[in-house]
Structure formats: C-alpha cells, structure tokens
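Protein chains in written order, with the working numbering: chain A, 2 to 115; chain B, 41 to 155. Backbone N, C-alpha and C fix where the C-beta goes; we use that ideal spot for every residue, glycine too.
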Amino acid sequence: ETGVTQSPTHLIKTRGQQVTLRCSSQSGHNTVSWYQQALGQGPQFIFQYYREEENGRGNFPPRFSGLQFPNYSSELNVNALELDDSALYLCASSGGGLAYNEQFFGPGTRLTVL
Amino acid sequence: GENVEQHPSTLSVQEGDSAVIKCTYSDSASNYFPWYKQELGKGPQLIIDIRSNVGEKKDQRIAVTLNKTAKHFSLHITETQPEDSAVYFCAASPGDTGTASKLTFGTGTRLQVTL
Numbered sequence: 002e003t004g005v006t007q008s009p010t011h012l013i014k015t016r017g018q019q020v021t022l023r024c025s026s027q028s029g030h031n032t033v034s035w036y037q038q039a040l041g042q043g044p045q046f047i048f049q050y051y052r053e054e055e056n057g058r059g060n061f062p063p064r065f066s067g068l069q070f071p072n073y074s075s076e077l078n079v080n081a082l083e084l085d086d087s088a089l090y091l092c093a094s095s096g097g098g099l100a101y102n103e104q105f106f107g108p109g110t111r112l113t114v115l
Numbered sequence: 041g042e043n044v045e046q047h048p049s050t051l052s053v054q055e056g057d058s059a060v061i062k063c064t065y066s067d068s069a070s071n072y073f074p075w076y077k078q079e080l081g082k083g084p085q086l087i088i089d090i091r092s093n094v095g096e097k098k099d100q101r102i103a104v105t106l107n108k109t110a111k112h113f114s115l116h117i118t119e120t121q122p123e124d125s126a127v128y129f130c131a132a133s134p135g136d137t138g139t140a141s142k143l144t145f146g147t148g149t150r151l152q153v154t155l
C-alpha cells in the first residue's frame, strides 16, 4: 500500500504566473483535501474533493481551483500567483466516506513565488 | 467558524521527562481531534486522535485527553526521546457530514528534547 504522493517537490514561479500541483491519494482513499501551510504556521484548509466533486472550501479566492480524477488523484491550480502564495501545499487523503476519517498527508510541494 | 488555540509555542524538555501540549477549540460541534507531528521538510504525520465520545486515549508513550465541557484537549508524551523533537499540531474537525473531514489546525508547538 503506497502513501500519499505529491509532485513536484519544489517549484519556483514568478508573480502572475499559473501553477498546477498534483497529488496521488493513498490506495483505497476517495477523499482528497488540500491545505496551505505558510512558514511557521499550521496548515490552512483550501478545499476538499470527494468522488470528483468539490465538497467544502476554506477562505481562499476563486483563483485557487482543483480537480479530482476517477482514480481519486487530484490537482490544485493557482492562477495569477501572488507573493503571499509562497507556502508548502499539502495534500491529504482519507477513505470510506466523509465523516470521522483520519487524514494522511503527503510530503507537500514547496512553492516559491518571486 | 472553528478556532483552535495551541500552547505553548515552544517547549524544551530533557530526555526522559514528560511533555504536555494543550489546545482549546471554539466550535462545540467539533467531534474529532487529531494530533500531527511534523519533522523538518516533511508533511504532518498523524500520531494519535480522539473522538468526542472518548475522554482519553493512549498509545504507548503518547496519550491524549479531551474535555468537551471545557472545549480543550491535550497531548501527553512520556519518557521523551531525542527523536520526539519536531513540531506538533493539534486540529479539530466539525461533525456535519458535508465537511466532516475539514481540519482546523492550531499554530503548532516546537518540541525540543535535549540530552
């Protein structure tokens, strides 16, 4: 059984560009959540996908969008990058429905916006 | 929305001593409380969790207690070892099915275990 994987590991972009981050959920997990972790802070919930539908969104603008594919892998897209978007982006997967499920995190993608 | 406060922000203990990290939450609907350990350059690792129908849970040297009336929960690590050094995060999750998995995290506690 493989854990949650994310790609790329690191990414450097310039302000105004667009970025796509990828996540493969743990085997058997059908729910993927994305979090943003600024330096020295706790992760902040961006949104969650369950069976390819967005299921809940945190306080992030529409330029943060996502997708979930039939194999439950997921993408996070960020348009019009701003300096404050520099952070560690974490993907977490959980399985068996929506309630009370443990979330297992991937190693994250470190995004730097210059 | 939910707000989770975590204390202390840093904690230094000697090897073999105990460490306690405390969190409070604001939303009485929260009913799932996990704790994560994050090492440098890695994603958070789930180390223990507790649900609202349980007051205490233990796993070897780690234990978590929950007081729903006071809306606080704590992580206890006994017989600390150098490999326990990391940043620890508490989190809370609401009970409604639609967003049951959304986690609200505390600000983290940097634990340093010295020899």
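In terms of Cβ geometry, ILE90/B and LEU115/B do not form a close pair [threshold 7 Å].
Think of a sphere of 8 Å around the beta carbon of GLN104/A: the chain B residues whose beta carbon falls inside it are PRO74, LEU86, SER141, LEU143, in chain order. Taking 3 residues as the shortest admissible run, the region 18-90 of chain A contains the following complete beta strand (DSSP E) segments, listed from N- to C-terminal end: 20-25, 32-38, 45-51, 54-58, 65-69, 75-79.
Apart from the 5 residues on each side of it in sequence, LEU22/A sits with its Cβ closer than 6 Å to the Cβ of LEU77, TYR90, THR110 in its chain, given in chain order.
Those residues of the region 16-45 of chain A placed with their C-beta closer than 9 Å to a C-beta in chain B are THR32, SER34, TYR36, GLN38, GLY41, GLN42, GLY43, PRO44, GLN45, ordered along the chain. In the three-state reduction of the DSSP assignment, ASP124/B falls in the helix class, which pools H, G and I. In the assembly as shown, LYS98/B is an exposed residue. Its beta-carbon has fewer than 16 other beta-carbons within 10 Å. Contact of GLN69/A with chain B by beta-carbon distance below 8 Å is absent, the smallest such distance being about 14 Å. For ASP57/B, no beta strand (DSSP E) run applies, since DSSP gives it neither H nor E. HIS30/A and TYR51/A have their C-alpha atoms spaced approximately 10 Å apart. Spanning the alpha carbons of ASN80/A and GLN38/A requires a straight line of approximately 18 Å. Cβ neighbours of LYS77/B within its own chain (closer than 6 Å, five residues either side excluded): GLN85, ILE87, ALA126, TYR128.
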